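> Note that our numbering has the sequence shown beginning at 7, numbered continuously upward. Built from N, CA and C at the ideal position, the CB exists for glycine as well. Fair warning: this is a prediction, and the values are worked out from it, not measured in the lab.
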Amino acid sequence: MSRQRARGGKARTAFVYSDRFGSFYYGIDHPMKPVRLRLTYELIREMGLLGLNSSVVVEAAHASESDLLLFHTPDYVRVLKEANTGIIPVGGSLHGLGFADNPVFNGMYEWSALSTGASIQAAELVAEGRAETAFNIAGGLHHAMPGRASGFCYINDAAIAIKYLVNLGKRVAYVDIDAHHGDGVEYAFYDTDRVLTISIHESGQWLFRHGIRDRHWGGQRQGLFRQYAATAFDGRRALP
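1. So who's on the other strand from Y23, going by DSSP bridges?
2. Quick one: measure Cβ to Cβ for G135 and T79, integer angstroms, because I've assumed they're closer than 8 Å.
3. Mind checking which residues open and close the beta strand (DSSP E) that includes T139?
4. Going by DSSP in three states, T46 sits in which element: helix, strand or coil?
5. For P109, which residues of its own chain have a beta-carbon under 7 Å away from its beta-carbon, when the five flanking residues on both sides are left out?
6. Nearest CA to the CA of E71: which residue from Y23, F195 and L120?
7. For V201, which of K176, H187, E208 and G190 has the nearest alpha-carbon?
8. Apply the 10 Å Cβ neighbour rule to T122 and answer buried if 16 or more other Cβ atoms are within range, or exposed otherwise.
9. Hey, would you say F30 sits closer than 8 Å to G113, going by beta carbons?
10. Terminal residues of the continuous alpha helix (DSSP H) containing I206?
11. Looking only at C-alpha atoms, which of I168, A137 and T203 sits nearest to V64?
12. Which value, in whole angstroms, describes the spacing of the CA atoms of R97 and V85?
13. Report yes if the CB atom of D199 is closer than 8 Å to the CB atom of V191, and no otherwise.
14. Just the C-alpha distance for K87 and D163, rounded to the nearest angstrom, thanks.
15. Helix, strand or coil for M151, going by three-state DSSP, please let me know.
16. Have a look at the DSSP bridge pairing and note the partners of Y193.
17. Would you call A106 buried or exposed, if buried means 16 or more other Cβ atoms sit within 10 Å of its Cβ?
18. Among the residues of its own chain, which have a CB less than 6 Å from the CB of L43, if the five just before and after it don't count?
19. Is it buried or exposed for S60, if we count other Cβ within 10 angstroms and need 16 for buried?
20. Less than 8 Å separating the beta-carbons of H149 and D197?
21. Please go through the region 47-134 and give each complete beta strand (DSSP E) segment of 3 or more residues, from N-terminal end onward.
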């Protein structure tokens with residue numbers, strides 16, 4: 007994939023962004039609203055924050071199919087590409103597509119490839135020393151599994167960006183702070199000690215309640231992981 011580089015010296019912060027982020031639409035009744043990404047970016051810009059502390063804005067580029075295959079299965083990627091027209095392809099339901107959480111909509115594959123490409127760029131900028139920190143406002147789609155969509159997530163950009171770094175010989179600590187357990191990323195690195203995953207989320211009595219401590223995914227246990235579930239009522243840690 008073609009990736010725009012931050013020009014000049016090392017940036018303190020790279021903000022990876024595309025105006026296209028706000029152009030996708032899950033549906034009128036769906037809580038996921040990508041337009042909020044554009045509105046947030048515009049607010050940050052109007053407040054004059056983008057030029058502070060040697061920060062740069064880097065234009066997001068689409069992830070390639072080979073990028074997506076770092077974590078996802080070929081058959082799943084094929085079905086996602088077919089679903090980009092907004093029509094549920096044959097076999098789509100077998101991959102979690104067409105349900106309330108993961109509807110099929112026009113540009114679905116493009117949205118997934120663009121948000122994933124931005125996360126790869128962010129990882130690349132830091133790994134190559136061109137930025138101290140990098141931020142993808144459209145990232146964090148941590149529920150997608152190798153062969154199916156889950157929890158509003160079609161492509162697991164976090165898992166793919168980490169795979170990219172591991173392939174460079176890096177060891178990675180992934181900290182996931184979200185209402186829900188980052189199950190897809192934890193699954194991706196269950197069998198390797200190259201990645202430490204830490205998930206801090208609400209009590210597991212609601213959505214995405216099963217993690218490594220509750221489920222065995224098979225294979226030799228080599229992964230490094232830690233879960234912290236905080237109750238929604240008093241903020242205290244509920245699970246060790």
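Here's the rundown:
1. Here residue 23 is taken as the residue at index 17 of the sequence shown, counted from 1. Answer is E65.
2. The residue you call residue 135 lines up with position 129 of the sequence shown. The residue you call residue 79 lines up with position 73 of the sequence shown. The pair is not a contact, with the Cβ atoms about 33 Å apart (cut-off 8 Å).
3. In the sequence shown, counting from the first residue as 1, residue 139 sits at position 133. Note, T139: beta strand (DSSP E), A137 to N142.
4. Start at 1 with the first residue of the sequence shown, and residue 46 comes out as number 40. Residue state, collapsed to three classes: helix.
5. Translated into positions along the sequence shown, residue 109 becomes position 103. Result list for P109: Y32, G33 and H36, in chain order.
6. On the sequence shown, position 65 is the one that residue 71 refers to. Ranking Y23, F195 and L120 by Cα distance to E71 puts L120 first.
7. Within the sequence shown, the letter at position 195 stands for residue 201. Checked all of K176, H187, E208 and G190; the closest Cα to V201 is K176.
8. Translated into positions along the sequence shown, residue 122 becomes position 116. Looking at its Cβ environment, which holds 16 or more other Cβ atoms inside 10 Å, T122 is buried.
9. Numbered from its first residue, the sequence shown carries residue 30 at position 24. Numbered from its first residue, the sequence shown carries residue 113 at position 107. In this structure, G113 lies closer than 8 Å to F30 by Cβ.
10. Taking the first residue of the sequence shown as position 1, residue 206 is located at position 200. It is not in any alpha helix (DSSP H) - I206 instead sits in the beta strand (DSSP E) that spans V201 to E208.
11. Along the sequence shown, read from residue 1 onward, the residue named residue 64 stands at position 58. With distances taken between Cα atoms, V64 lies closest to A137.
12. One-based indexing of the sequence shown puts residue 97 at position 91. One-based indexing of the sequence shown puts residue 85 at position 79. In the sequence as presented, Arg is not what sits at residue 97; that position holds Gly. Cα to Cα, G97 sits roughly 8 Å from V85.
13. Counting from 1 along the sequence shown, the entry for residue 199 is found at position 193. Counting from 1 along the sequence shown, the entry for residue 191 is found at position 185. No, they are not a contact pair.
14. Indexing the sequence shown from 1 puts residue 87 at position 81. Indexing the sequence shown from 1 puts residue 163 at position 157. Going by the C-alpha atoms only, they are around 16 Å apart.
15. Mapped onto the sequence shown, residue 151 falls at position 145. Residue state, collapsed to three classes: strand.
16. Against the sequence shown, residue 193 aligns to sequence position 187. In DSSP, Y193 forms no bridge with anything.
17. Locating residue 106 in the sequence shown gives position 100, counting from the first residue. So A106 ends up on the exposed side.
18. Locating residue 43 in the sequence shown gives position 37, counting from the first residue. Hits under 6 Å: F27, G28, I143 and A144.
19. Counting from one through the sequence shown, the residue named residue 60 turns up at place 54. Exposed, because fewer than 16 other Cβ atoms sit within 10 Å of the Cβ of S60.
20. As a position in the sequence shown, residue 149 is number 143, starting the count at 1. As a position in the sequence shown, residue 197 is number 191, starting the count at 1. Going by C-beta atoms, H149 is not nearer than 8 Å to D197.
21. 61-65
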